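Student: Here my numbering is used: the first residue of the sequence shown is 1, the next is one more, and so on.
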Amino acid sequence: MNKLIGSLSIIAFIVVVLCVITWNNNMQRVMQNNRNATDSYNQKNNINITNMIEEDNKTAAAKMSDETNMTDEDILTDDTNKTDETNMADNAPSTILQPKEGQPIKEINLVAIENIIEIKQGINLLVWTYGGTVPGTEIRVTQGDFVRVHLTNTLQEPITIHWHGYPVKSEMDGIPGYTQDAVLPGETFTYEFSADYVGTYWYHSHQESSKQVDMGLYGALIVEPKIKTIIDKEYTLILDEWMENNEEDMTMSMPSDSSDDTLNMDNASNASGSMSSVDGNGPEMAEEKMMKELYNIYTVNGKSGAHIRPLEVNIGDVIKLRFINAGYRSHGIHIPGQVIKVVSSDGQEIMGADEIKDQIIVIAPGERYDVEFIVQSEDSFIIDFHDENLFNDQLKIPVVVNGGNGNILSEDKSKVLLKFDLSIYGSFSEGQFTLDQEYDVEQYIELNSKVDNDALRYTINGSTFDELLPITIKTGDFIKLTYENKSSVDHPMHLHGHFFQILSKNDIPFSDTTIRKDTLLIKSGEKYVIAFKADNPGNWVQHCHELHHAAAGMMQKIIYSDYKANYTPDPNNMVNKPE
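The following block contains the structure:
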């Protein structure tokens with residue numbers, strides 16, 4: 001018996017060693033393949049991938065005269081434009097928007113490329129990126145710029161760019177099969193828009209977005225005002241969650257014959273039809289529990305725990321923090337011991353922002369909050385997070401006060417922290433809409449779920465994206481939407497192409513302040529009324545920005561009846577996957 005045990009131990013040891021060797025070889029192979037692909041791409045296009053963004057702040061006239069003088073660091077050289085002319089023509093946007101005479105042009109080149117990053121101590125993940133990093137290259141422009149972004153896809157997957165929160169023209173919105181075809185491997189697509197709205201926005205792929213955003217295809221879009229306020233230090237902080245073994249875990253939890261983010265209900269429930277319950281039971285909560293546990297790595301700018309880069313400040317500095325939630329969970333931001341102002345939400349300035357201290361700012365998926373404060377303490381401190389998430393110990397952002405006393409401010413665990421309430425924050429300003437005025441279009445939107453063929457689907461008015469009729473509007477219409485969440489889980493609803501005004505929550509009017517947003521967290525059991533003006537003709541969508549919910553059906557088209565699209569989708573194109 002002892003000999004048998006000894007033999008089995010030796011065999012087990014050999015198996016472990018072989019597994020480690022195999023894993024290491026695979027990792028080296030992936031990294032070498034990535035280097036080879038990068039080197040090949042660089043040689044083909046005569047570029048330096050480490051300096052892949054060339055921003056030209058020229059006028060339109062100067063740009064026309066300088067086009068033949070592009071440097072060897074440009075992603076799109078003259079030769080590349082010639083060799084790829086057919087692909088560009090097949091996938092090029094119509095010239096619906098041109099720079100005005102004398103308008104500064106910001107030319108930006110993005111390469112979508114695979115990489116491997118150490119996201120956490122000892123954990124390397126294969127990622128898809130815009131520019132080789134997670135988050136992707138930050139696009140920072142000035143109000144009034146004409147922005148031209150050349151996206152080149154070196155991945156093996158089709159992709160797009162959606163400009164989250166930014167009211168670009170419909171053709172530039174990045175919805176595959178709806179406003180454009182997905183950008184295929186090896187192709188280039190050019191996005192163009194005028195940077196007319198100041199604020200914090202972001203960009204991400206809208207092709208199979210629950211999958212591709214999970215893989216790292218996102219970055220920040222910052223539009224600075226022409227006349228800048230005094231800010232000494234500014235940091236963009238993008239929050240996200242990852243699965244340590246994402247492909248294996250998701251495969252285990254999804255139906256084998258489905259590519260959707262739909263939970264297999266075989267073992268979760270034998271219910272059918274509507275899942276309208278808010279008692280915390282049922283398939284929705286089973287999925288919520290599963291996802292909450294599977295996404296076990298929390299990051300700031302693609303780094304977790306000790307890998308999170310400290311923010312360096314000086315005593316007396318005016319600090320601006322731009323928070324963006326690119327993940328699927330809400331996070332409760334806490335900036336301890338500092339007197340702060342929340343100066344904008346979803347890129348929209350908050351008038352009369354009051355000073356607050358030690359409040360929790362809940363940022364939902366897709367939302368953005370800008371916070372400003374003056375460093376008045378010699379103590380360094382840690383921005384932490386207070387919510388019901390499981391892995392907040394990984395989500396701590398050190399703020400180091402240079403020239404301070406070297407101490408780290410200790411948090412009073414017994415102190416009760418209030419939640420920041422945007423509905424009563426700031427000064428009164430006259431809004432464009434009221435609850436009792438006349439509207440051209442009014443729509444009730446019930447957010448819920450149902451089980452269909454043993455899969456959990458998320459619904460709008462009982463139907464999924466492929467079943468829903470669009471909301472039809474026309475230019476100049478005033479639209480009022482009433483959202484009611486009858487499901488057991490939260491839904492951060494995002495409207496493309498427009499800003500909306502919040503009119504009421506749970507039948508209580510927002511009478512003290514005017515709040516304009518593009519993404520709104522609607523918790524289980526809540527009811528909101530919003531309004532917007534149809535001032536951006538095109539084909540648009542609204543959807544839940546818990547992107548797994550959108551992929552499982554919670555998405556709807558919004559179309560202008562007086563708009564003629566330049567893009568005609570091919571019904572036989574199976575590549576485009578907008579959910």
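C-beta atoms are modelled at their ideal positions from N, C-alpha and C, and glycine is treated no differently. This structure is a prediction, so every number in the text was calculated from the model and none was measured.
Buried or exposed for residue 568, please, with buried defined as at least 16 other CB atoms from any protein chain shown within 10 angstroms of its CB.
Tutor: exposed
Student: If residue 494 and residue 542 are in contact, beta carbons under 8 Å, what's the gap, nearest whole angstrom?
Tutor: With a Cβ gap of about 7 Å, residue 494 and residue 542 count as contacting.
Student: Enumerate in chain order the residues of its own chain whose CB-to-CB distance from residue 168 is below 7 Å, with the five nearest sequence positions on each side excluded.
Tutor: 193
Student: What are the uninterrupted segments assigned as alpha helix (DSSP H) that are 4 or more residues long and contained completely in the segment 490–555, given in chain order?
Tutor: 547–551
Student: Consult DSSP for residue 349 and reduce its assignment to one of helix, strand or coil.
Tutor: strand
Student: Any idea which residues DSSP pairs residue 298 with across the strands?
Tutor: DSSP lists 241 as partners of residue 298.
Student: Does residue 21 pass the burial test, meaning 16 or more other C-beta atoms within 10 Å, or should it be called exposed?
Tutor: Caution applies to residue 21, whose pLDDT of 44 falls short of 50 and renders its modelled position unreliable; the value that the coordinates give is listed next. Exposed, by the Cβ-count rule.
Student: Between the Cα of residue 324 and those of 529, 299, 519 and 239, spot the shortest distance and give me the residue it belongs to.
Tutor: Taking residue 324 as reference, the option from 529, 299, 519 and 239 with the minimal CA-CA separation is 239.
Student: Could you have a look at residue 113 and say whether DSSP puts it in helix, strand or coil?
Tutor: strand
Student: Quick check: the Cα distance between residue 206 and residue 379, rounded to an integer number of angstroms?
Tutor: 42 Å
Student: Going by other Cβ atoms of all chains shown within 10 Å of its Cβ, with 16 needed for buried, is residue 580 buried or exposed?
Tutor: The structure shown does not extend to residue 580, since the chain spans only 1 to 579, so no value can be given for it.
Student: Taking all protein chains shown into account, decide if residue 547 is buried (16 or more other Cβ within 10 angstroms of its Cβ) or exposed.
Tutor: buried
Student: Would you list the one or two residues that DSSP bridges to residue 372?
Tutor: 320 and 341
Student: Excluding five sequence neighbours on each side, which residues of the same chain lie with their C-beta closer than 8 Å to the C-beta of residue 357?
Tutor: 337, 338, 339 and 340
Student: By Cβ distance below 8 Å, which residues in the same chain neighbour residue 176 in space, the five residues on each side in sequence not counted?
Tutor: A distance below 8 Å between beta-carbons, with the five flanking residues on each side excluded, links residue 176 to the following residues of its chain, in chain order: 158, 160, 182, 206, 207, 575, 576, 577 and 578.
Student: Could you tell me if residue 333 is buried or exposed, where buried requires 16 or more neighbouring beta carbons within 10 angstroms of its beta carbon?
Tutor: Classification for residue 333: buried.
Student: Can you list, in chain order, the residues of its chain with a C-beta nearer than 6 Å to that of residue 285? Leave out the 5 residues immediately preceding and following it.
Tutor: Cβ neighbours of residue 285 beyond the five flanking positions: 488.
Student: Determine the burial state of residue 355: buried for a count of at least 16 other Cβ atoms within 10 Å of its Cβ, exposed for fewer.
Tutor: exposed
Student: Who are the near neighbours of residue 230 in its chain, counting only those whose CB is closer than 8 Å to its CB and skipping five residues on each side?
Tutor: So the list reads 318, once near-sequence residues are dropped.
Student: Go ahead and label residue 464 buried or exposed: buried means 16 or more other beta carbons lie within 10 angstroms of its beta carbon, across all protein chains shown.
Tutor: buried
Student: Quick one: grab the DSSP three-state call for residue 306.
Tutor: helix
Student: For residue 175, which of helix, strand or coil comes out of DSSP?
Tutor: coil
Student: Could you please give me the residues that DSSP links to residue 357 through a beta bridge?
Tutor: Looking at the DSSP assignment, residue 357 forms a beta bridge with 339.
Student: Buried or exposed: residue 566, going by 16 or more other Cβ atoms within 10 Å of its Cβ?
Tutor: exposed
Student: Roughly how many angstroms separate the alpha carbons of residue 116 and residue 125, rounded to a whole number?
Tutor: 5 Å
Student: Taking DSSP's pairing of strands, which residues face residue 384 in a bridge?
Tutor: 334
Student: With which residues is residue 442 paired in a DSSP beta bridge?
Tutor: Answer by DSSP bridge pairing, in chain order: 480.
Student: Just to confirm, is the Cβ distance from residue 410 to residue 364 under 8 Å?
Tutor: In this structure, residue 364 does not lie closer than 8 Å to residue 410 by Cβ.
Student: Kindly identify the DSSP beta-bridge partner or partners of residue 406.
Tutor: Per DSSP, none; premise fails for residue 406.
Student: Verify whether the separation of the beta carbon atoms of residue 187 and residue 155 is less than 8 Å.
Tutor: No; because the gap between Cβ atoms is not below 8 Å, this pair is not in contact.
Student: Secondary structure at residue 207, three-state DSSP: helix, strand or coil?
Tutor: Note: residue 207 maps to coil in three-state DSSP.
Student: Measure the beta-carbon distance from residue 554 to residue 458 and round it to whole angstroms, keeping in mind my assumption that it falls under 8 Å.
Tutor: 4 Å
Student: Any idea if residue 416 is buried or exposed, counting beta-carbon neighbours within 10 angstroms, 16 or more meaning buried?
Tutor: exposed
Student: Quick check: what's the CA-CA separation for residue 120 versus residue 303?
Tutor: 6 Å
Student: Between the Cα of residue 427 and the Cα atoms of 510, 170, 165 and 473, which residue gives the shortest distance?
Tutor: 510
Student: Would a C-beta distance cut-off of 8 Å place residue 460 and residue 468 closer than the cut-off?
Tutor: yes
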